[in-house]
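> Residue numbers (our numbering): 41 to 234.
Virtual Cβ for every residue (Gly too), placed ideally from N, Cα, C.
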Ligand code: SF4
Ligand code: SF4
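Printed below as a string of structure tokens:
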């Protein structure tokens, strides 16, 4: 049975992908690195006292979306529906290289949503890299491939179009990257026991 209507039957089981992919500020854990409390074979060594974000977080699969077989460790990516500012979008965070391109199921999920809302695929790679590429899949087959200040717009039957952020947007982005770098270097300072 497709358990889209029976989320109470689901549990994370051996999956602990979000413990690697997500950022946990309370633990100074960056996104994309394993948590020091992850147990071998799955599970959390501080389950009773884990941070609030760990208690609150449920990926789309655990929340009852997607099909039974779509647990993130099988898909190779975490799928969420997020509201960021005024925009609601599907987020696909790859946990393995080329997870999206090599998974017909992830592409099927994307096709199911992209006419209704943007689907953002964050590519596997160095999570600390501010230029880490991502793709935005839109309706009518349009796709934006973003790397740093540049976006390549792909449309079926049309030549690719390259766009650069405006001067103002570049400045805003550089400030955001600087702030993020400062935050990351603060998180990378020697552990204070937290
Ligand atoms: S990614 Fe989803 S299924 Fe996997 S451990 Fe996190 S919440 Fe559970
Ligand atoms: S504290 Fe536990 S639940 Fe939270 S990221 Fe680490 S291993 Fe996962």
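Sort 146, 82, 137, 164 by Cα distance to residue 109 and report the nearest one.
Walking along the chain shown from the start, residue 109 turns up at place 69. The shortest Cα separation from residue 109 among 146, 82, 137, 164 belongs to 146.
> My guess is that residue 88 and residue 134 are in contact by the Cβ rule of under 8 Å, so how many angstroms apart are they, rounded?
By one-based count along the chain shown, residue 88 stands at place 48. By one-based count along the chain shown, residue 134 stands at place 94. Their Cβ separation, rounded to whole angstroms, is 31 Å, which puts residue 88 and residue 134 out of contact at 8 Å.
> Checking 8 Å against the spacing of the C-beta atoms, do residue 130 and residue 118 come in under that value?
Within the chain shown, the letter at position 90 stands for residue 130. Within the chain shown, the letter at position 78 stands for residue 118. No, the pair does not count as a contact, with Cβ atoms beyond the cut-off.
> Considering only residues of the segment 133-191, which uninterrupted beta strand (DSSP E) runs meet the minimum length of 3 residues and lie entirely inside it, listed in chain order?
Whole beta strand (DSSP E) segments, 3+ residues: 159-162, 174-177, 183-187.
> Since residue 204 and residue 192 should fall inside the 8 Å C-beta cutoff, what is the C-beta to C-beta distance between them, to a whole number of angstroms?
Here the question's residue 204 lines up with position 164 in the chain shown. Here the question's residue 192 lines up with position 152 in the chain shown. Not confirmed; about 11 Å, so no contact.
> Taking Cβ to Cβ, would you say residue 50 is nearer than 8 Å to residue 102?
Residue 50 sits at position 10 when you count from the first residue of the chain shown. Residue 102 sits at position 62 when you count from the first residue of the chain shown. Yes, they are a contact pair.
> What number of angstroms, rounded off, separates the C-alpha of residue 199 from the C-alpha of residue 176?
Against the chain shown, residue 199 aligns to sequence position 159. Against the chain shown, residue 176 aligns to sequence position 136. Distance between the alpha carbons of residue 199 and residue 176: 18 Å.
> Hey, quick one: how far does the beta strand (DSSP E) through residue 107 stretch, first residue to last?
Reading the chain shown from its first residue, position 67 is the one you call residue 107. Residue 107 -> no beta strand (DSSP E), and no H or E assigned at all.
> Within the same chain, show all residues whose beta-carbon is closer than 6 Å to that of residue 190, passing over the 5 residues directly before and after it, in chain order.
Locating residue 190 in the chain shown gives position 150, where the first residue counts as 1. Excluding positions up to five away in sequence, the list reads 204.
> Under a three-way DSSP split, which group does residue 206 fall into?
What you label residue 206 is simply residue 166 of the chain shown in a count that begins at 1. Three-state result, residue 206: coil.
> Would you mind working out which of 157, 93, 75 sits nearest residue 85, comparing C-alpha positions?
Residue mapping note: residue 85 aligns to position 45 of the chain shown, counting from 1. Closest by alpha carbon: 75.
> I want to check one thing, is the minimum distance from the CB of residue 102 to the heavy atoms of ligand 2 below 7 Å?
Taking the first residue of the chain shown as position 1, residue 102 is located at position 62. Because no heavy atom of ligand 2 lies under 7 Å away, the Cβ of residue 102 does not count as near it: no.
> Can you check which of these residues, 157, 115, 56, 227, is closest to residue 124 by C-alpha distance?
Translated into the one-based positions of the chain shown, residue 124 becomes position 84. Closest by alpha carbon: 157.
> Apply the 10 Å Cβ neighbour rule to residue 126 and answer buried if 16 or more other Cβ atoms are within range, or exposed otherwise.
Here residue 126 corresponds to residue number 86 of the chain shown, with the count starting at 1. Residue 126 should be labelled exposed.
> Can you tell me the Cα-Cα spacing of residue 140 and residue 70, whole angstroms?
For this step, residue 140 is matched to residue 100 along the chain shown. For this step, residue 70 is matched to residue 30 along the chain shown. Taking the straight line joining both Cα atoms gives about 22 Å.
> Could you tell me which residues DSSP puts in a beta bridge with residue 131?
What you label residue 131 is simply residue 91 of the chain shown in a count that begins at 1. According to DSSP, residue 131 bridges with 120, 160.
> Got a sec? Which residues, its chain only, sit under 7 Å from residue 61 by beta carbon, not counting five neighbours each side?
The residue you call residue 61 lines up with position 21 of the chain shown. Taken in chain order, the residues that qualify are 71, 72, 118, 133, 135.
> Ligand 2 and residue 57: does any heavy atom of the ligand fall closer than 7 Å to the residue's C-beta?
Here residue 57 corresponds to residue number 17 of the chain shown, with the count starting at 1. Not under cutoff, so the answer is no.
> Roughly how many angstroms lie between the CA atoms of residue 52 and residue 195, to the nearest whole one?
Along the chain shown, read from residue 1 onward, the residue named residue 52 stands at position 12. Along the chain shown, read from residue 1 onward, the residue named residue 195 stands at position 155. In a straight line, the C-alpha of residue 52 is about 38 Å away from that of residue 195.
> Locate the alpha helix (DSSP H) running through residue 93, then write down its first and last residues.
Mapped onto the chain shown, residue 93 falls at position 53. Segment 92-96, the alpha helix (DSSP H) holding residue 93.
> Go ahead and label residue 219 buried or exposed: buried means 16 or more other beta carbons lie within 10 angstroms of its beta carbon, across all protein chains shown.
The sequence position of residue 219 within the chain shown is 179, counting from 1. So residue 219 counts as exposed.
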